[in-house]
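Undergrad: Residue numbers (the working numbering): 19 to 789.
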Amino acid sequence: MNEDTNTNPNGEISAKTEAFTPNIPSQLLKPYDPTEVEPRVQKQERESGFYNPDVCIKEGITKSDAPVYSIILPPPNVTGTLHMGHALGFTTQDIVIRYKRMQGFRTLWIPGTDHAAIATQSMVEKNIQKAEGLNRHDLGREELLKRVGDFAQQSRDTIVSQLQTLGASVDWSREAFTLDEERNFAVKTVFKKMYDDGLIFKKNRVINWDPKGQTTISDDEIVYEDRKAKFYTFKYSKDFPIAISTTRPETKLGDVAVAVNPDDARYKEYVGKEYEMDFCGAPIKIKIVADYAAEMDFGTGAVGITPAHSMTDYEIAQRHNLPMIQVIDEKARMMVGGPEVLGKKVVEARDAVVLWLKESDLLIEETEIDQRISTAERTGGIVEPLPKLQWFVAVNKPFTLEHSEIKGIESGSETTLKEIMQKAVSGEQVEMLPEHFLKTYFNWIDNLNDWCISRQIWYGHRIPVWYKGEEIYCGIEAPTGADASEWIQDEDTLDTWFSSGLWSFSTMGWPTKASDPKSDFSIYHPTNLLVTGHDIIFFWVARMILMTGYVLGTIPFHKVLFTGMVRDMKGRKFSKTLGNGIDPIEIAHKFGMDAGRMSLIFGTAPGTDSKIDENKIKGYKHFANKIWNVTRFILTATEGLNGTANNPLVNFTDADLALIEKRNEIFKSISTNIDNLKIHIVAEDLYNYTWKEFADIILEDSKEIFADVDNLSAESIAKKKSRAKFLLETLGLIVKTLHPFMPHVTQEIWSLLPAELKTRELLMTEKWPTF
RNA sequence: GGGCGAUUAGCUCAGUUGGUAGAGCAACUCAUUUACACUGAGAAGGUCAGGGGUUCGAGUCCCUUAUCGCCCACCA
Numbered sequence: 019m020n021e022d023t024n025t026n027p028n029g030e031i032s033a034k035t036e037a038f039t040p041n042i043p044s045q046l047l048k049p050y051d052p053t054e055v056e057p058r059v060q061k062q063e064r065e066s067g068f069y070n071p072d073v074c075i076k077e078g079i080t081k082s083d084a085p086v087y088s089i090i091l092p093p094p095n096v097t098g099t100l101h102m103g104h105a106l107g108f109t110t111q112d113i114v115i116r117y118k119r120m121q122g123f124r125t126l127w128i129p130g131t132d133h134a135a136i137a138t139q140s141m142v143e144k145n146i147q148k149a150e151g152l153n154r155h156d157l158g159r160e161e162l163l164k165r166v167g168d169f170a171q172q173s174r175d176t177i178v179s180q181l182q183t184l185g186a187s188v189d190w191s192r193e194a195f196t197l198d199e200e201r202n203f204a205v206k207t208v209f210k211k212m213y214d215d216g217l218i219f220k221k222n223r224v225i226n227w228d229p230k231g232q233t234t235i236s237d238d239e240i241v242y243e244d245r246k247a248k249f250y251t252f253k254y255s256k257d258f259p260i261a262i263s264t265t266r267p268e269t270k271l272g273d274v275a276v277a278v279n280p281d282d283a284r285y286k287e288y289v290g291k292e293y294e295m296d297f298c299g300a301p302i303k304i305k306i307v308a309d310y311a312a313e314m315d316f317g318t319g320a321v322g323i324t325p326a327h328s329m330t331d332y333e334i335a336q337r338h339n340l341p342m343i344q345v346i347d348e349k350a351r352m353m354v355g356g357p358e359v360l361g362k363k364v365v366e367a368r369d370a371v372v373l374w375l376k377e378s379d380l381l382i383e384e385t386e387i388d389q390r391i392s393t394a395e396r397t398g399g400i401v402e403p404l405p406k407l408q409w410f411v412a413v414n415k416p417f418t419l420e421h422s423e424i425k426g427i428e429s430g431s432e433t434t435l436k437e438i439m440q441k442a443v444s445g446e447q448v449e450m451l452p453e454h455f456l457k458t459y460f461n462w463i464d465n466l467n468d469w470c471i472s473r474q475i476w477y478g479h480r481i482p483v484w485y486k487g488e489e490i491y492c493g494i495e496a497p498t499g500a501d502a503s504e505w506i507q508d509e510d511t512l513d514t515w516f517s518s519g520l521w522s523f524s525t526m527g528w529p530t531k532a533s534d535p536k537s538d539f540s541i542y543h544p545t546n547l548l549v550t551g552h553d554i555i556f557f558w559v560a561r562m563i564l565m566t567g568y569v570l571g572t573i574p575f576h577k578v579l580f581t582g583m584v585r586d587m588k589g590r591k592f593s594k595t596l597g598n599g600i601d602p603i604e605i606a607h608k609f610g611m612d613a614g615r616m617s618l619i620f621g622t623a624p625g626t627d628s629k630i631d632e633n634k635i636k637g638y639k640h641f642a643n644k645i646w647n648v649t650r651f652i653l654t655a656t657e658g659l660n661g662t663a664n665n666p667l668v669n670f671t672d673a674d675l676a677l678i679e680k681r682n683e684i685f686k687s688i689s690t691n692i693d694n695l696k697i698h699i700v701a702e703d704l705y706n707y708t709w710k711e712f713a714d715i716i717l718e719d720s721k722e723i724f725a726d727v728d729n730l731s732a733e734s735i736a737k738k739k740s741r742a743k744f745l746l747e748t749l750g751l752i753v754k755t756l757h758p759f760m761p762h763v764t765q766e767i768w769s770l771l772p773a774e775l776k777t778r779e780l781l782m783t784e785k786w787p788t789f
């Protein structure tokens with residue numbers, strides 16, 4: 019909008035536009051311009067302070083004893099910026115929170131960002147490597163942390179402005195970050211509690227090592243890639259009685275056993291025997307063991323056991339008390355063997371071992387098979403299982419839960435973290451939508467193993483454990499006293515999901531204000547709703563249930579709504595590597611954010627994937643303009659009939675009463691549908707009524723009534739007044755109910771409507787209509 | 001191998017507890033400078049993947065087959 023145009027809705031009409039309809043606000047005379055209106059409305063709303071429930075109470079918008087409705091925003095990673103997938107979830111939350119706020123609930127929606135440990139550090143490291151040719155060790159811990167911190171700050175700033183562009187009515191005064199001081203205190207507090215309860219322990223185990231990121235990762239951070247691989251069948255030596263098969267001959271330098279099925283007649287006679295030999299320059303000692311893990315039908319029916327470099331082999335080795343010999347180091351290089359393999363990368367060593375097998379006449383067969391290889395989610399590095407001393411959370415270990423509000427677990431009774439996760443959901447205290455995700459959830463829990471939480475990176479919550487020789491100290495603060503300087507803190511940091519798991523209560527003042535009845539924690543926890551993508555059901559949803567159950571004996575949220583993935587037109591996921599992400603800000607510039615919001619919601623059933631299509635967004639830009647023009651028409655047509663709206667002295671005609679009945683029938687279902695999170699249905703109902711019924715039929719029909727300007731008969735005037743009242747009131751109704759979906763255009767129209775329709779200037783604080 | 005989901009108009013998808021098949025976009029015909037061309041009216045388009053069952057009645061519930069997608073898990 020240019021400077022010459024009058025932007026004051028209630029002000030005087032500027033000279034430039036007075037020629038036509040002088041009493042209609044000038045901005046209405048032009049097509050709706052979201053790029054001008056949206057930032058202005060966002061600013062107005064934000065500066066009002068009403069995103070903050072405390073302000074709402076202070077200003078009398080919300081009663082202090084009103085029922086509570088709270089949502090925590092799933093904190094976006096500071097690795098980058100928001101795309102339309104985020105926008106779908108955030109719009110859904112905004113719709114619900116605006117609706118609840120208008121209904122008079124004491125609503126709180128807390129924003130924040132996630133430090134995303136590995137993801138962020140590896141991204142910054144990559145950038146530095148590219149620009150300066152330096153690695154993290156060249157920079158040192160302090161300098162790297164500073165660089166990563168700066169990057170995170172920038173990213174956070176972008177995310178904030180994107181959220182504002184989206185029109186998200188989050189309470190900025192409560193913004194949190196998973197790695198800020200308050201959250202760090204919560205993390206240390208929980209860590210210590212778990213440590214003292216014996217649920218956090220340190221152990222030398224085979225873990226998933228990411229040679230690229232130089233850190234361990236959890237089972238859930240692995241993604242699989244299908245590849246073709248060579249499958250080699252061979253014998254360790256000429257004298258060895260059994261042939262085995264493998265895709266990774268280089269690991270066989272670390273073999274300690276061959277497992278055969280106890281029922282396998284072919285190998286029965288060898289079980290228990292031991293063989294010693296040289297394998298490609300490494301002395302190995304192989305024991306034949308019987309174990310049902312070996313399948314008779316697969317390969318030769320015999321498995322070479324490499325306890326140090328395979329999870330399953332490690333488990334088999336445990337059962338048979340076999341030693342563990344590490345032959346691959348953290349850089350994925352061979353630690354043993356003859357000169358042809360020693361020090362070589364695993365891939366090169368593989369070729370060398372195969373060549374040695376051929377030359378030694380031990381290779382029996384070489385075939386091609388499909389194989390799934392494990393890669394690290396964040397760096398893409400091929401995961402190398404290897405033994406390492408790491409921190410774990412024990413999910414199956416019994417402990418006493420002092421306080422429990424979880425159905426099926428008594429206060430003071432013995433339970434496990436796994437049981438907490440199961441009972442919180444099976445007792446229906448936590449609901450999931452769509453319901454079928456319950457099966458996914460339980461299926462995951464059934465197969466759950468201990469959670470490896472330590473990471474060998476610097477960006478994150480440092481493990482609150484100190485060492486002095488053989489002594490170990492776990493505490494919230496470093497040990498003090500005369501020998502304070504002799505204590506050395508653990509170098510590792512925690513899995514980012516450890517801190518995310520506390521998010522529902524760490525954002526609300528826990529633990530420092532937990533006992534204060536006026537704290538956010540006392541008022542707003544547990545939260546009512548979590549809206550998130552189903553891709554993080556294990557990472558985050560399950561971990562929040564675990565942490566909240568363990569720490570508080572309660573649930574983090576009553577309901578989880580899983581949104582589907584928003585994909586591009588080719589059906590691909592948005593990803594940084596594909597570069598197909600769409601910035602919501604781009605949509606706002608092109609079509610307006612209201613249109614973007616509607617296009618995400620409309621026709622998208624909860625949990626189902628959707629495709630983003632500019633044509634679709636354009637349709638809702640047209641819709642915004644349609645309501646705009648409807649407003650113009652009504653204000654023009656009812657000019658001179660001021661004061662009809664909400665005026666009890668104006669009686670409705672029978673025709674208009676019929677229109678009201680039909681209208682109310684449609685609007686009646688809206689609240690229930692939003693309560694049941696069927697917001698896509700509501701969007702459709704509002705769209706259809708507004709356009710197909712109100713504009714196309716009722717407005718067209720009204721033209722005839724108002725066209726009859728010279729007829730001053732009582733009957734004609736009564737008819738005009740009745741229709742004017744109906745149109746104005748219905749417009750008010752449409753604008754109110756549409757506000758959660760399209761907050762900007764509705765607010766702008768609201769500011770133009772006659773005073774008798776309004777009780778407040780800001781639509782977001784208006785009372786939600788009831789029927 | 002186990003689990004989950006999808007299959008509805010040319011395309012993208014809705015379709016609440018079973019009760020006469022819906023929208024947007026595209027395409028077709030017509031109208032119109034109108035509150036709005038970011039428009040209106042109209043027509044066209046479907047054996048609801050196939051088969052079987054329950055029911056007075058099935059897109060919806062049950063069984064089965066096929067195709068596609070996703071998740072989990074041991075294939076050494």
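Built from N, CA and C at the ideal position, the CB exists for glycine as well.
Go to serine 517, then tell me how far its alpha helix (DSSP H) extends in each direction, as first and last residue.
TA: Indexing the first sequence from 1 puts residue 517 at position 499. Here the alpha helix (DSSP H) through serine 517 covers 514–518.
Undergrad: Which class does tryptophan 558 belong to by DSSP, given the choice of helix, strand or coil?
TA: Here residue 558 is taken as the residue at index 540 of the first sequence, counted from 1. It is helical.
Undergrad: Which runs of the alpha helix (DSSP H) spanning at least 4 residues fall entirely within the region 585–648, listed in chain order?
TA: Taking only runs of at least 4 residues, the alpha helix (DSSP H) segments lying wholly in the region 585–648 are 602–609, 611–619.
Undergrad: Indicate whether the contact test is met: 3 or more Cβ pairs, each with one atom in the region 215–222 and one in the region 352–366, closer than 8 Å.
TA: Touching, no, given that fewer than three Cβ pairs across the two stretches are closer than 8 Å.
Undergrad: Beta-carbon within less than 6 Å of glycine 599's beta-carbon, same chain only, minus the 5 sequence neighbours each way: which residues are those?
TA: Position 581 of the first sequence holds residue 599. Here the set comprises His101, Phe592.
Undergrad: Sorted by chain position, which residues of the same chain lie with C-beta nearer than 8 Å to glutamate 462's C-beta, five sequence neighbours on each side aside?
TA: For the purposes of this step, residue 462 is taken as residue 444 along the first sequence, with counting starting at 1. The sequence as given places tryptophan at residue 462; glutamate does not occur at that position. Answer for tryptophan 462: Ile555, Phe556, Ala560, listed in chain order.
Undergrad: Could you pull out every residue in the same chain whose Cβ sits closer than 7 Å to the Cβ of phenylalanine 789, ignoring the five residues on either side in sequence?
TA: Taking the first sequence and counting its residues from 1, the one referred to as residue 789 is at position 771. The answer, listed in chain order, is Asn682, Phe685, Lys686.
Undergrad: Taking the alpha-carbon positions, what's the tryptophan 558 to proline 94 distance?
TA: For this step, residue 558 is matched to residue 540 along the first sequence. For this step, residue 94 is matched to residue 76 along the first sequence. Roughly 12 Å between the two C-alpha positions.
Undergrad: If we count Cβ pairs, one from each stretch, closer than 8 Å, do we get three or more for the region 363–372 versus the region 203–212?
TA: Counting Cβ pairs under 8 Å, fewer than three are found: no touch.
Undergrad: Under a Cβ-count criterion, where at least 16 other Cβ atoms within 10 Å of its own Cβ denotes burial, should tyrosine 242 be classed as buried or exposed?
TA: On the first sequence, position 224 is the one that residue 242 refers to. By the neighbour-count rule (16 or more Cβ atoms within 10 Å), tyrosine 242 is not buried but exposed.
Undergrad: Which residues in the same chain have their Cβ closer than 6 Å to the Cβ of tryptophan 786, if we skip the five residues on either side of it in sequence?
TA: Counting from 1 along the first sequence, the entry for residue 786 is found at position 768. Within the same chain, tryptophan 786 has close Cβ partners Met120, Gln121.
Undergrad: My understanding is that aspartate 315 touches threonine 324, with C-beta atoms under 8 Å, so please give their C-beta distance in whole angstroms.
TA: Looking up residue 315 in the first sequence gives position 297. Looking up residue 324 in the first sequence gives position 306. The pair is not a contact, with the Cβ atoms about 21 Å apart (cut-off 8 Å).
Undergrad: So, helix, strand or coil for threonine 656, using DSSP?
TA: The residue you call residue 656 lines up with position 638 of the first sequence. Here threonine 656 sits in coil by DSSP.
Undergrad: Does the distance from the CB of glycine 571 to the CB of glutamate 423 come in under 7 Å?
TA: In the first sequence, the residue the question calls residue 571 occupies position 553. In the first sequence, the residue the question calls residue 423 occupies position 405. Taking 7 Å as the Cβ cut-off, glycine 571 and glutamate 423 qualify as a contacting pair.
Undergrad: Give the DSSP bridge partners of isoleucine 89, in chain order.
TA: Within the first sequence, numbered from 1, the residue matching residue 89 stands at position 71. Per DSSP, Trp127, Leu547.
Undergrad: Please go through the same chain and pick out, in chain order, the residues whose beta-carbon is closer than 8 Å to the beta-carbon of proline 357, but skip the five residues on each side of it.
TA: Start at 1 with the first residue of the first sequence, and residue 357 comes out as number 339. Taken in chain order, the residues that qualify are Gly299.
Undergrad: At what residue ranges does the region 211–255 contain a whole run of the beta strand (DSSP E), taking only runs of 3 or more?
TA: DSSP runs (the beta strand (DSSP E)) wholly in the region 211–255: 218–228, 233–235, 240–252.
Undergrad: Round the Cβ separation of leucine 451 and glycine 519 to the nearest angstrom and send it over; I've been treating them as touching at under 8 Å.
TA: Within the first sequence, residue 451 is the residue found at index 433, counting from 1. Within the first sequence, residue 519 is the residue found at index 501, counting from 1. Contact flag wrong, Cβ pair sits at about 21 Å.
Undergrad: Can histidine 543 and methionine 562 be called in contact, C-beta distance under 7 Å?
TA: Taking the first residue of the first sequence as 1, we reach residue 543 at position 525. Taking the first residue of the first sequence as 1, we reach residue 562 at position 544. No, these two residues do not count as a Cβ contact at 7 Å.
Undergrad: Nearest by alpha-carbon distance to valine 569: which of Lys577, Leu157, Thr434, Glu239 is it?
TA: Here residue 569 refers to the residue found at position 551 when the first sequence is read from its first residue. Minimum Cα distance to valine 569 is reached at Thr434.
Undergrad: Thinking C-alpha only, which one of Pro772, Arg223, Asn647 is nearest phenylalanine 712?
TA: As a position in the first sequence, residue 712 is number 694, starting the count at 1. Here the closest residue by C-alpha is Asn647.
Undergrad: Go ahead and pull the three-state DSSP assignment for aspartate 714.
TA: Here residue 714 corresponds to residue number 696 of the first sequence, with the count starting at 1. Three-state result, aspartate 714: helix.
Undergrad: Please go through the region 438–526 and give each complete alpha helix (DSSP H) segment of 4 or more residues, from N-terminal end onward.
TA: If we require 4 residues or more, the alpha helix (DSSP H) runs fully inside the region 438–526 come out as 455–464, 514–518, 521–524.
Undergrad: Tell me the DSSP bridge mates of lysine 349?
TA: Looking up residue 349 in the first sequence gives position 331. Paired residue(s): none; lysine 349 is not in a bridge.
Undergrad: CB alanine 275 to CB proline 405, shorter than 7 Å?
TA: If you number the first sequence from 1, residue 275 lands on position 257. If you number the first sequence from 1, residue 405 lands on position 387. The answer is no: Cβ separation not under 7 Å.
Undergrad: Write down the C-beta distance between glycine 78 and serine 173 rounded to the nearest angstrom, noting that I regard them as a contact closer than 8 Å.
TA: As a position in the first sequence, residue 78 is number 60, starting the count at 1. As a position in the first sequence, residue 173 is number 155, starting the count at 1. The Cβ separation is near 38 Å, so there is no contact.
Undergrad: Specify, as a first and last residue, the run of the beta strand (DSSP E) that leucine 419 falls within.
TA: Mapped onto the first sequence, residue 419 falls at position 401. 417–419 is the span of the beta strand (DSSP E), which, as asked, contains leucine 419.
Undergrad: Three-state secondary structure (DSSP) at aspartate 309?
TA: For the purposes of this step, residue 309 is taken as the residue at position 291 of the first sequence. DSSP places aspartate 309 in coil when its eight states are reduced to three.
Undergrad: Please list, in chain order, all residues of the same chain as serine 66 whose beta carbon is under 6 Å from its beta carbon, the five residues on each side excluded.
TA: If you number the first sequence from 1, residue 66 lands on position 48. For serine 66, where only same-chain residues beyond five positions count, the Cβ hits under 6 Å are Leu780.
Undergrad: Please confirm if the region 402–418 is in contact with the region 465–483, defined as three or more CB-CB distances below 8 Å between the two stretches.
TA: As far as the Cβ criterion goes, the region 402–418 touches the region 465–483, which means the pair count is three or higher.
Undergrad: Have a look at Leu91, Leu47, Tyr293 and flag the residue whose alpha-carbon is nearest the alpha-carbon of phenylalanine 523.
TA: Reading the first sequence from its first residue, position 505 is the one you call residue 523. Among Leu91, Leu47, Tyr293, the Cα nearest to that of phenylalanine 523 is on Leu91.
Undergrad: Whole angstroms are fine: how far does the CA of aspartate 513 sit from the CA of alanine 135?
TA: For the purposes of this step, residue 135 is identified with residue 117 of the first sequence, where counting begins at 1. For the purposes of this step, residue 513 is identified with residue 495 of the first sequence, where counting begins at 1. Rounded to whole angstroms, alanine 135 to aspartate 513 spans 7 Å at the Cα level.
Undergrad: From this set, Tyr285, Lys61, Gly582, which residue's C-alpha is nearest serine 179's C-alpha?
TA: Taking the first sequence and counting its residues from 1, one reaches residue 179 at position 161. When only C-alpha atoms are compared, the closest one is Lys61.
Undergrad: Thinking C-alpha only, which one of Gly487, Trp709, Arg480 is nearest glutamate 495?
TA: The count along the first sequence starts at 1 and reaches residue 495 at position 477. When each option's Cα is compared against that of glutamate 495, the closest is Arg480.
Undergrad: Write down every uninterrupted run of the beta strand (DSSP E) in the region 100–145 whose length is 3 residues or greater and which is fully enclosed by it, in chain order.
TA: You should have 124–128.
Undergrad: Going straight from the alpha carbon of proline 301 to that of glutamate 294, what length do you get?
TA: Residue mapping note: residue 301 aligns to position 283 of the first sequence, counting from 1. Residue mapping note: residue 294 aligns to position 276 of the first sequence, counting from 1. One C-alpha to the other measures close to 7 Å.
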